[in-house]
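Report on the following structure.
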Amino acid sequence: LGGLHSAKLLLWSFDFAEIAERQHVGDWQGAGVLLVEAARMLEAAGAEGLLICTNTMHKLADQVEVAVSIPLIHIADATATAVAQAGVTRPALLATRFTMDQDFYKGRLADRYGLHSVVPDEAGRDMVHRVIYDELCQGIVTAESKAAYIDEIARMRRDENIDSVIMGCTEITMLIGQQDFDIPVFDTTRIHAEAAVEFALG
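Here you go:
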C-alpha cells in the first residue's frame with residue numbers, strides 16, 4: 011500500500027523466562043497450554059491469521075493450529091519456499107538444540123519440501139545453542155561468538171557439503187547475516203514477516 015499505511019496487529023507477548031523454563035525441563039505440554047490460550051484470545055479479539063514468532067515454538071504449531079479456526083502461517087513453510095526459490099537443496103540449520111535435535115522442523119522441510127537440512131555436530135550444536143540462550147537472548151553480541159558461527163559454517167561446507175544456511179532461530183540475525191557468506195543465507199525472521207505481509211495483503 012505504501013505511503014503512511016501500517017499493519018493492524020494484535021500482539022501477545024510472553025514472558026520468555028516462563029517459556030524457556032518449560033523448554034529446558036521438557037514441559038512442552040505446559041508451554042502448549044500457554045500458546046493455545048494466547049492463540050484463542052487473539053482469535054477472539056479479531057485476529058484473522060496467526061504467527062508464532064519463534065522457530066523453536068513451532069514444535070507446538072500443530073497443537074495451536076487445531077485449537078483455532080484462523081490460518082497459522084508456519085515459519086518452516088515460508089522458509090522452505092524461500093530455499094526452493096533460491097535453487098539450493100542442502101541447507102545448514104542453525105537453531106536451538108530443540109530445533110536441531112528434534113524432527114518437527116527438519117522433518118517438515120524434508121517431508122513436505124524434499125529439503126535435507128544439515129545440523130552441526132554435537133560440539134557445534136552445543137555452541138550454537140549456548141550462544142543463543144546465554145548471549146543473544148540477553149542482548150549480548152560478541153566477535154568471538156560470531157567467529158565461532160562462521161567457523162562452524164565453514165566446517166560444514168567442507169565436511170557436510172552444505173550449499174546454504176538457514177538461520178533457524180530469530181536471534182541469530184543479531185550475530186551473522188548474508189554479508190558474512192558467499193552462499194545463500196535465509197533469515198527466517200524476515201521470511202516469516204514477509205509471509206505475513208503477503209497473507210495480509212492477499
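In this note's numbering, the protein residues as written are 11 to 212. We treat Cβ as the ideally placed atom computed from N, Cα and C, and that holds for glycine. For clarity, every value in this text was computed on a predicted model and none was experimentally measured.
In the DSSP assignment, what are the bridge partners of F196? Beta-bridge pairing links F196 to I176.
So, helix, strand or coil for L19, using DSSP? Of the three classes helix, strand and coil, the one that applies to L19 here is coil, per DSSP.
Please report the Cβ distance between I296 and R100, rounded to the nearest whole angstrom; I am assuming they are in contact, meaning their Cβ atoms lie under 8 Å. Any property of residue 296 remains undetermined from this structure, which presents the chain solely from 11 to 212.
Supposed close pair A48, W22 - CB separation, criterion 8 Å: The Cβ separation is near 4 Å, so the contact holds.
Here's a check: name, in chain order, each residue in its chain whose Cβ is nearer than 8 Å to the Cβ of D197, leaving out the five neighbours to either side. Here the set comprises M177, T183, G187 and Q188.
Minimum C-alpha distance to H84 - residue among A96, H202 and L211: With distances taken between Cα atoms, H84 lies closest to H202.
Beta-carbon proximity of P81 to G59, cut-off 7 Å: At the C-beta level, P81 and G59 come within 7 Å of one another.
Beta-ladder partner(s) of A27, from DSSP: Answer is none; A27 lacks a bridge partner.
Using the Cα positions of V107 and V138, report the straight-line distance between them to the nearest angstrom. Sequence check: residue 107 is Arg here, not Val. Rounded to whole angstroms, the separation of the alpha carbons of V138 and R107 is 8 Å.
According to DSSP, simplified to helix, strand and coil, what is L82? Reduced to three states, the DSSP call for L82 is strand.
I'd like the span of the beta strand (DSSP E) that includes A102, first residue to last. For A102, the enclosing beta strand (DSSP E) stretches over residues P101 to L104.
Neighbour-count burial assignment, I142, 16 or more Cβ in a 10 Å radius: So I142 ends up on the buried side.
Near A120, what residues of its chain come up, given a Cβ to Cβ distance below 8 Å and the 5 sequence neighbours on each side ignored? Hits under 8 Å: H126 and S127.
Span of the alpha helix (DSSP H) holding I160? Segment A153 to E170, the alpha helix (DSSP H) holding I160.
Do you know offhand how far S233's Cα is from D37's? The structure shown does not extend to residue 233, since the chain spans only 11 to 212, so no value can be given for it.
Contact defined as beta carbons within less than 8 Å: I believe F191 pairs with I163. What is the distance between those atoms, to the nearest angstrom? The beta-carbon distance between F191 and I163, rounded to whole angstroms, is 7 Å. This is short enough to meet the 8 Å contact definition.
Terminal residues of the continuous alpha helix (DSSP H) containing Q112? Unbroken run through Q112: none, as it is neither H nor E.
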